[in-house]
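Report on the structure given below.
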Amino acid sequence: MLDDGRAKRIMIEVPVESRHQELPLAEGGGGGEDGGPDLISRLPDEVLGDIISLLPTKDGTRTQAISRRWRPLWRAAPLSLEVGRSLSGQDRKRIIFATKILSDHTGPGRRFSLSDFRLRDRFAKIDRWLGSRALTGLREIEFSYERENSLPRPMPPSALRFAPTLYEMIALKLTTSMRTVKVLALDSLPNLNSVVDFLKCFPCVEKLYVTWMANQRRRLQVDNKASPGAQFAFGCGHKMGYSCFSKPDPFELVSHEDFLRFMHGLAETILRTAFGISLPK
Amino acid sequence: MEVDKGKGEAEETRKVAEADRDTVTLKSSDGKLFEVSKEAAARLSTVLAGMIAGGSIDDNGTDLKQIGSEALENVVDYCNKHANSIPSAALISSSISFNTAPFKEPEEWERKFVDRLSHDALFDLVEAANFLGMERLLDVTCHKISEMMKGKSPDQIREVFNIKNDYTKEELEEIRQELAWAFYDD
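Protein sequences appear in the order of chains A and B.
If you're matching positions, the first sequence starts at 30 in the numbering used here and goes up one per residue.
If you're matching positions, the second sequence starts at 1336 in the numbering used here and goes up one per residue.
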């Protein structure tokens, strides 16, 4: 596993010249107006790309205007696109900006977040967004539609293309079984018995994580035949920062030891695949 | 022949002793030696893990010619702190959430660790982390740099990091127009 991590890092370090920009010595060893050294521009492209990916979408885009060295970086840095208020206060503009970003960027995608999205007739549009090159290899996807409309809203079908790379997924409704999922989180289950049936759609699940409503808390009888070799963990929610889900309901603790073992396993898993999926009510 | 054989055995014994040690000694570009837990080094650095597994660790100090002593001290310090911070149950339940993202937010101690660094030391550490394949330390240091850039205009960013603006006025105007949406709040 460690070798994999290393290979990944080394793979993208290929052309030595482009990795390490020498200081412009003619400028007295510094790039800035006051002569201090420009340390950041010396970093390799992929490290600068990581930094750009950590910025809010707008800030990341603006880095192209810093200098020539920075100009090509944003386009190829893993895209982190948050279609929310931070992009624009106006719903209509958010759509225009997101469409533009997705057509300008060459990918890969790191994170795509659509929060409190006013769906209206835009289902086909977001499906197209998710199909764009900019989001290839997406690691995280987060969806929440505006609540005023209580109809269950499905994930756009193109989201399924991310199943092999996704690491985190928060969706309102599951449309198709994702057969390769190894770690599965179920949020706010209406009925625990449905878990066992539901698991049959996920033959590869190794770790299952469940939250449910406080008044329905009881032990889940796990049928191992449903998902052979599966490992089940139910944690205590209060301290867990389970904030991505709308209802941070307490987890049931089956066994403290099992839970800790589970969390250890999760922390050490390099792939760290995690899906959070809500069942339709 | 006899002597050679004896030497070989001694070599063998030394190697075994090395393998048994639970620390590794690292040598900075300026010749300073640092000791770090073998377990932490192997867990946090893919390059050191590879060297340990491949037996290319030198008992008298493994040469890391690309890393200065200040950066190496920080690397070692980070490894030791990391080793000590795991795995208490309290920490697990409070900080390792299920929704752990690839770029997980730095923990409190990691934040403090990078916050105390000077500008120069921070960038030396980023380069060291990148060189040693220390994914997590790279995340934490990159996160710190991104925090320094967040919410700032390109002008302000240039100022913070001493970046020379090598665009012509015309070029810059063109870029600003192309990215107009990213320059204004609404």
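C-beta: ideal position from N, C-alpha, C; glycine also.
The model shown is predicted, which means the values in this text are computed figures rather than measured ones.
Separation of Glu1509 of chain B and Leu1457 of chain B (C-alpha to C-alpha, rounded to the nearest whole angstrom) is 33 angstroms. Here Val112 of chain A is near Phe146 of chain A, since their CB atoms are less than 8 angstroms apart.
In the DSSP annotation of this structure, the continuous segment of the alpha helix (DSSP H) that includes Thr128 of chain A starts and ends at 120 to 133. Considering only A:Ile81, A:Gly160, A:Arg149, the residue with the shortest C-alpha distance to Pro107 of chain A is A:Ile81. Interface with chain A (8 angstroms Cβ-Cβ cutoff): Pro1441 of chain B is excluded. Only exposed fits Trp1444 of chain B, as fewer than 16 other CB atoms lie within 10 angstroms of its CB. The alpha-carbon of Asp133 of chain A is positioned some 42 angstroms away from that of Lys1416 of chain B.
In the three-state scheme derived from DSSP, where H, G and I count as helix and E and B as strand, Ile1510 of chain B is classed as helix. For Glu1405 of chain B, the secondary structure class from DSSP, reduced to helix, strand or coil, is helix. Asp1398 of chain B is bridged by DSSP to B:Lys1362.
Residue burial annotation: Lys1504 of chain B is exposed, with fewer than 16 other C-beta atoms found within 10 angstroms of its C-beta. Ile1392 of chain B sits buried, since 16 or more C-beta atoms from the chains shown fall within 10 Å of its C-beta. For a cut-off of 8 angstroms, the C-beta gap from Trp99 of chain A to Thr90 of chain A is around 11 angstroms, too long to register as a contact.
The residues Leu1460, in chain order, have a CB closer than 6 angstroms to that of Asn1409 of chain B in the same chain once the five nearest residues on each side in sequence are set aside. Using a 10 angstroms sphere on the CB of Lys1485 of chain B, the tally of other CB atoms stays under 16, which defines it as exposed. Here Ile1402 of chain B is not near Phe1448 of chain B, since their CB atoms are 8 angstroms or more apart. Judged by DSSP in its simplified three-state form, Leu108 of chain A adopts strand.
At the C-beta level, Ala105 of chain A and Arg1511 of chain B stay beyond 8 angstroms of one another. Close CB contacts of Ala1377 of chain B within its chain, under the 7 angstroms cut and outside five residues either way in sequence, are with Leu1383, Ala1384, Ile1387 (chain order). Ile130 of chain A and Leu164 of chain A have their C-alpha atoms some 11 angstroms from each other.
Beta-carbon to beta-carbon, Arg140 of chain A and Glu169 of chain A are separated by about 4 angstroms, close enough to satisfy the 8 angstroms threshold.
Using beta-carbon distances, Gly1486 of chain B counts as an interface residue toward chain A, with a partner under 8 angstroms. Looking at the backbone, the Cα of Gly1468 of chain B and that of Arg121 of chain A are separated by about 43 angstroms. The closest CA to that of Glu1370 of chain B, considering only B:Ser1380, B:Val1495, B:Gly1396, B:Gly1389, is found on B:Gly1396. Pairing Ser115 of chain A with Thr86 of chain A gives a Cβ-Cβ distance under 8 angstroms. Annotation: Leu77 of chain A is outside any beta strand (DSSP E); the continuous alpha helix (DSSP H) that includes it extends over 74 to 83. Using a CB distance below 8 angstroms, the part of the region 152 to 170 of chain A facing chain B consists of Arg168, Glu169, ordered along the chain. With respect to the C-alpha of Ile1480 of chain B, the residue from A:Ser117, A:Leu83, A:Ser109 having the closest C-alpha is A:Leu83.
Minimum Cα-Cα distance from Arg1451 of chain B among the listed residues B:Asn1419, B:Thr1476, B:Leu1399, B:Ala1463 corresponds to B:Thr1476. Closest in alpha carbon position to Pro137 of chain A, among A:Arg157, A:Lys154, A:Arg162, is A:Arg162. Taking each of B:Arg1356, B:Leu1379, B:Glu1405, B:Glu1374 in turn and checking the Cα distance to Lys1362 of chain B, the smallest one comes out for B:Glu1405. Annotation for Ser1372 of chain B: the continuous beta strand (DSSP E) segment containing it runs 1368 to 1372. When DSSP states are grouped into helix, strand and coil, Glu1440 of chain B belongs to the coil group. The residues Arg123, Phe126, in chain order, have a CB closer than 7 angstroms to that of Ser117 of chain A in the same chain once the five nearest residues on each side in sequence are set aside.
Proximity of chain B to Phe126 of chain A at the Cβ level (cut-off 9 angstroms) is accounted for by Trp1516, Ala1517, in chain order.
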